[in-house]
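K.L.:
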Amino acid sequence: MKQEKYLLPFGENKKYQLGQSIKVFFNLADNRNSSKTVEYGTLARNNIDKKAYLFTFDLLMALTLSFSILLVSVFFLTKGSDTTASDYQSLQVGSDIVTILDQNKILDTFDYEQIEIELEKLLPANYEMLLRVEGDFTEGNGLIEVGGEIPENQPLVSGEKVGLTDSGTLLKITYFVWVKE
Amino acid sequence: MNTKKGQLASMDLLFALFGFILVMIFVISMWALYMNRLNTSIENRDLELSALQTVDTLLRSTGTPINWEINPNTSEVLGLSSPDGSIDNEKLSAFLKLSYNSTATKLKIKRFKFNFSIYNLNGTILNSTGLFTNGTKQVVSVDRLVIIKNETRKISFTLWRK
Chain A
1 MKQEKYLLPF GENKKYQLGQ SIKVFFNLAD NRNSSKTVEY GTLARNNIDK
51 KAYLFTFDLL MALTLSFSIL LVSVFFLTKG SDTTASDYQS LQVGSDIVTI
101 LDQNKILDTF DYEQIEIELE KLLPANYEML LRVEGDFTEG NGLIEVGGEI
151 PENQPLVSGE KVGLTDSGTL LKITYFVWVK E
Chain B
182 MNTKKGQLAS MDLLFALFGF ILVMIFVISM WALYMNRLNT SIENRDLELS
232 ALQTVDTLLR STGTPINWEI NPNTSEVLGL SSPDGSIDNE KLSAFLKLSY
282 NSTATKLKIK RFKFNFSIYN LNGTILNSTG LFTNGTKQVV SVDRLVIIKN
332 ETRKISFTLW RK
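From first to last, the protein sequence lines stand for chains A and B. Residues in the first sequence are numbered from 1 upward in steps of one, following this note's numbering. Residues in the second sequence are numbered from 182 upward in steps of one, following this note's numbering.
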């Protein structure tokens, strides 16, 4: 876009009021004699140095950049790890329950009902858990599942342990723990 | 002579200053807000991690030296586990008899306050050491299930800032 530059008639040693109509001349080589009438204030404001605006823009850009960096840093610091202390606590609940069931030889029975009764005794009220016991045993064709149903739209944690029964059967125990809604 | 040039430049400066100050106020307040959130988050994580690690150390390790319960004051690391993984009753008794400051120093949690309690599965408190919380904002409690003398017990370890 072509920018117009004006020459103010200041050389005439006149004083102008803001809003007063004055005649200005185009400072263009090909149109030196053209002129137009404008209001004094509008013309003057357009004509002054725009350094301050540039500095403000410069500052705004720098601040936007630095603030963006700060926001991104805060985001990554807070989202640095998806595993929270609450998840770890849930995992520990599952791990402790499996350890106690194993130490008390409850899993050795392969009795679905007994395992479920003991599981309910140990499980804190605000948690739900599914326990899957796999191994080379006849009950349930080597697979026992005790506990609640895995929720579809809820985060859960899971872990695995191995156990050995007194009869020498190796057990693979998988547990899923989630917070009750 | 143009006498208005100076006034117009001053107006421009005033506008720029006004914009600058507005932006600075916004930026400083946002900065303070985010720094506050960040510090709170860091403090919470520190508290949570300290609680989880302390309980893990207590319940999974035998302590250093391994027979520290004979002379608890010379112990370097406190641990309540026996070599088979269950809770050693003698170590637990020695731990409960230690003074609050000594326990906090050995667990390396002197910058916090703590409470260690043992419950049965019905929720009745059986034993406890440490202080009790009183309206503190940041509190982290870690619950674990253990076997003590062939009985299942719940250990609750609570940690909060001084």
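All residues carry an ideal CB built from backbone N, CA and C; glycine is no exception. Predicted model, so just to flag it, every value in this text is computed and none were measured.
1) List, in order along the chain, the chain A residues whose C-beta lies closer than 8 Å to that of B:R325?
2) Report the residue ranges of all alpha helix (DSSP H) runs contained in full by the stretch 255-341 of chain B; include only those spanning at least 4 residues, in chain order.
3) Flag this pair as touching only if the stretch 204-215 of chain B and the stretch 53-70 of chain A have three or more C-beta atom pairs under 8 Å; answer yes or no.
4) Can you tell me which residues form a DSSP beta bridge with A:E134?
5) Could you tell me which residues DSSP pairs with A:Y112 in its beta bridges?
6) Check A:E160 in the structure and name its three-state DSSP category.
7) Please work out which residues of its chain come closer than 8 Å, Cβ to Cβ, to A:A29, disregarding the five sequence neighbours upstream and downstream, and give them in chain order.
8) Report yes if the CB atom of A:Q103 is closer than 8 Å to the CB atom of B:I328, and no otherwise.
9) Near B:M192, which residues of its chain fall below 8 Å by C-beta distance, leaving aside the five closest residues on each side in sequence?
10) Cβ closer than 9 Å: which chain A residues qualify as neighbours of B:I268?
11) Since I believe B:I290 is in contact with B:S231 (beta carbons under 8 Å), could you give me their beta-carbon distance rounded to a whole number of angstroms?
12) Taking the alpha-carbon positions, what's the B:L302 to A:L63 distance?
13) Within 10 Å of its beta-carbon, does A:L123 have 16 or more other beta-carbons around it, so buried, or fewer, so exposed?
14) Whole angstroms are fine: how far does the CA of B:A190 sit from the CA of B:G200?
15) Hey, is B:L277's beta-carbon within less than 8 Å of any beta-carbon in chain A?
16) Counting pairs of beta carbons, one from the stretch 334-341 of chain B and one from the stretch 273-281 of chain B, are three or more of them closer than 8 Å?
17) Please list the partners that A:V179 has in chain B, where partner means a Cβ-to-Cβ separation under 7 Å.
P.N.:
Reading it off the structure:
1) Q92 and D96
2) Given a length threshold of 4 residues, each whole run of the alpha helix (DSSP H) inside the stretch 255-341 of chain B is given here in chain order: 270-278 and 281-287.
3) yes
4) A:L143 and A:K172
5) Answer is none; A:Y112 lacks a bridge partner.
6) strand
7) Residue placement at A:A29 is poorly supported in this model, since its pLDDT is 48, which falls under 50; the coordinates still yield a value, given next. For A:A29, where only same-chain residues beyond five positions count, there are no Cβ hits under 8 Å.
8) In this structure, B:I328 lies closer than 8 Å to A:Q103 by Cβ.
9) none
10) Simply none; closest approach about 11 Å.
11) 6 Å
12) 57 Å
13) That one is buried.
14) 15 Å
15) The beta-carbon of B:L277 is placed no less than 8 Å from the nearest beta-carbon of chain A.
16) Verdict: no, contact absent.
17) Simply none; closest approach about 13 Å.
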